[in-house]
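Numbering (our numbering), first residue to last: 8 to 129.
Note that the Cβ used here is the ideal one computed from N, Cα and C, for glycine as well.
Note that the coordinates shown come from a computational prediction; the quantities given were computed from them, not determined experimentally.
A short worksheet on the structure shown next.
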């Protein structure tokens with residue numbers, strides 16, 4: 008409880024206010040039954056040890072999607088497009104080649120593309 012959103016505890020009064028908030032407002036029961044993510048309710052924390060609580064969340068946490076952050080479903084498209092462009096630009100740069108020509112044949116980079124495609128998540 009020594010760090011608050013937006014900054015660190017800097018003096019006695021900050022510490023006193025923060026500790027009062029933590030004591031009065033924050034309790035283990037606060038999260039019981041709360042939606043941690045779409046389709047994932049928080050278990051009763053009094054029935055689980057910390058390690059089991061963490062395992063519960065790690066095992067059941069759904070795949071991250073833009074809607075989890077109140078974003079439009081298409082919000083991810085720009086990021087994925089940019090990432091794909093950067094990946095293929097990198098492949099083109101590391102694939103070497105001769106200094107002339109400016110050919111458009113992607114055949115030489117195909118092996119690298121195939122290798123990288125195997126490493127990408129579904």
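Using a Cβ-Cβ cut-off of 7 Å (strictly less than) and excluding sequence neighbours within five positions of residue i, which residues of its own chain qualify?
i          : result
residue 82 : 73
residue 99 : 116
Give the range of the beta strand (DSSP E) segment to which residue i is assigned.
i          : result
residue 26 : No beta strand (DSSP E) contains residue 26, which is instead part of the alpha helix (DSSP H) from 19-31.
Leaving out the 5 sequence neighbours to the left and right, which residues in its chain are closer than 8 Å to residue i when beta-carbon positions are compared?
i           : result
residue 101 : 119
Can you round the beta-carbon distance between residue i and residue j to whole angstroms, since I take them to be within the 8 Å contact cut?
i          : j          : result
residue 49 : residue 35 : Not really, about 10 Å apart at Cβ, beyond 8 Å.
residue 46 : residue 69 : 6 Å
Going by CA-CA distance only, name the one from the options that's closest to residue i.
i          : options           : result
residue 44 : 122, 125, 75, 114 : 75
residue 54 : 27, 46, 39        : 39
residue 42 : 123, 129, 67      : 67
I'd like the span of the alpha helix (DSSP H) that includes residue i, first residue to last.
i           : result
residue 44  : Here residue 44 belongs to no alpha helix (DSSP H); instead the beta strand (DSSP E) covers 42-44.
residue 125 : 117-126
residue 93  : 82-101
Looking only at its own chain, which residues have a Cβ that is under 6 Å from the Cβ of residue i, when we skip the five neighbours before and after it?
i          : result
residue 90 : none
Should residue i be listed as close to the ligand ADP, given that the test is whether its C-beta is under 7 Å from any heavy atom?
i          : result
residue 44 : Looking for the ligand ADP in the displayed structure turns up nothing, as the structure carries no ligands at all.
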